[in-house]
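Residue numbers (the working numbering), protein chains in the order written: chain A, 1 to 124; chain B, 1001 to 1124. Note that the Cβ used here is the ideal one computed from N, Cα and C, for glycine as well. As structure tokens, the structure follows; a few thoughts come after it.
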DNA sequence: TCTTTAAATGCAACTATGTCGCAATAAATG
DNA sequence: CATTTATTGCGACATAGTTGCATTTAAAGA
Ligand SMILES: [Mn+2]
Ligand SMILES: [Mn+2]
Ligand SMILES: [Zn+2]
Ligand SMILES: [Zn+2]
């Protein structure tokens, strides 16, 4: 299925590029008035299918999306934690890559590590 | 707020004790026909407030509850990953405790690490 | 044991997040 | 410009979880 370059998907991409944190659907909605809810979800899911973004599920149960920066086309890993601030709701990457030994017979497909708490800004 | 020892909360506790995996609301519902949805949620949340159980949020966005075993009353840590099988939906603890250095100024309050994939049973 | 108190429950309504079907719109290609 | 089909808007739907309120019931006391 060939992708088309639409105003909406461009704008969502720009938002993702501008933000260095991982972005929620809600936050994108707020910056794109007039664009339908479902459309934004579809754009984000398309990006994810295409390997353009990571999808993180927070410990609030919500989805957050972040541009893939260090991911090659073939190997696509983001074994790092994210920090979610319970006050300002920012979700940032914690750079350190985690290597985790799986028990015999278990096949890991997705890594989803989230630490929540209070971020530097909100703390000080 | 003093807790009361009711048939329902006893039964939920028994289910949590019997299962070694982390349990979803859905799974408890299935084993306790006749008990209201909301009641089960409330019991689980009470257990969590009281520090009896861990609450894990899966990368499916759902909540899973597991009895606290190695948690003291005061120090209450469960810095370990959970593995969620995308086929059988079991959520098990991966024993190894993770120690993670927080960046300067960040206060960690909750650890939520989930690896999803295919478990040993479903794999073989 | 009877009475009192408030925690726990059932039920319905509600919120929130995300998905889907379908007709209308609009990129891309020639 | 005409054709094709990916994308969109809209409404409906699904699922997970929460909340208000009247009723029930565990627990403490008389
Ligand atoms: Mn990636
Ligand atoms: Mn614990
Ligand atoms: Zn913050
Ligand atoms: Zn399995």
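Test: residue i CB closer than 8 Å to a CB of chain B
| i | result |
| --- | --- |
| residue 28 of chain A | no |
| residue 90 of chain A | no |
| residue 93 of chain A | no |
| residue 45 of chain A | no |
| residue 115 of chain A | yes |
| residue 65 of chain A | no |
| residue 77 of chain A | no |
| residue 70 of chain A | no |
| residue 12 of chain A | no |
Terminal residues of the alpha helix (DSSP H) in which residue i lies
| i | result |
| --- | --- |
| residue 14 of chain A | 7-18 |
| residue 1054 of chain B | Note, residue 1054 of chain B: premise wrong, no alpha helix (DSSP H); beta strand (DSSP E) at 1053-1057. |
| residue 96 of chain A | Per DSSP, residue 96 of chain A belongs to no alpha helix (DSSP H); it is in the beta strand (DSSP E), 91-97. |
| residue 101 of chain A | Where residue 101 of chain A is concerned, there is no enclosing alpha helix (DSSP H), given that its DSSP letter is neither H nor E. |
C-beta neighbour in chain A for residue i, strict 8 Å
| i | result |
| --- | --- |
| residue 1051 of chain B | no |
| residue 1015 of chain B | no |
| residue 1099 of chain B | no |
| residue 1108 of chain B | yes |
| residue 1119 of chain B | yes |
| residue 1024 of chain B | no |
| residue 1124 of chain B | yes |
| residue 1132 of chain B | Residue 1132 of chain B is absent from the model: chain B starts at 1001 and stops at 1124. |
| residue 1112 of chain B | yes |
Residue i versus residue j - alpha carbon distance
| i | j | result |
| --- | --- | --- |
| residue 1068 of chain B | residue 122 of chain A | 30 Å |
| residue 14 of chain A | residue 71 of chain A | 19 Å |
| residue 1033 of chain B | residue 76 of chain A | 44 Å |
| residue 27 of chain A | residue 1019 of chain B | 39 Å |
| residue 118 of chain A | residue 84 of chain A | 8 Å |
| residue 1114 of chain B | residue 1044 of chain B | 20 Å |
| residue 12 of chain A | residue 62 of chain A | 18 Å |
| residue 1082 of chain B | residue 1016 of chain B | 16 Å |
Close-in-space but distant-in-sequence residues of the same chain around residue i (CB under 7 Å, 5 per side omitted)
| i | result |
| --- | --- |
| residue 41 of chain A | 25 |
| residue 111 of chain A | 78, 79 |
| residue 1102 of chain B | 1108 |
| residue 35 of chain A | 8 |
Own chain residues within Cβ distance below 6 Å of residue i, not counting five before or after
| i | result |
| --- | --- |
| residue 181 of chain A | Summary: the structure shown does not reach residue 181 of chain A, with chain A confined to residues 1 through 124, and so no result is reported for it. |
| residue 1129 of chain B | Residue 1129 of chain B falls outside the range modelled here, since chain B spans only 1001 to 1124, and no answer is possible. |
Limits of the beta strand (DSSP E) - the one that residue i falls within
| i | result |
| --- | --- |
| residue 1084 of chain B | 1080-1085 |
| residue 1063 of chain B | 1063-1067 |
| residue 1108 of chain B | 1107-1118 |
Sequence-distant residues of the same chain with beta carbon closer than 8 Å to residue i, five excluded per side
| i | result |
| --- | --- |
| residue 51 of chain A | 68, 71, 73, 76 |
| residue 1039 of chain B | 1008 |
> Any residues whose CB sits closer than 6 Å to a heavy atom of ligand 4? List them in chain order?
Replying inline: Near ligand 4, meaning a beta-carbon closer than 6 Å to one of its heavy atoms, we find B:1085, B:1087, B:1088, B:1090, B:1119, B:1121, B:1122.
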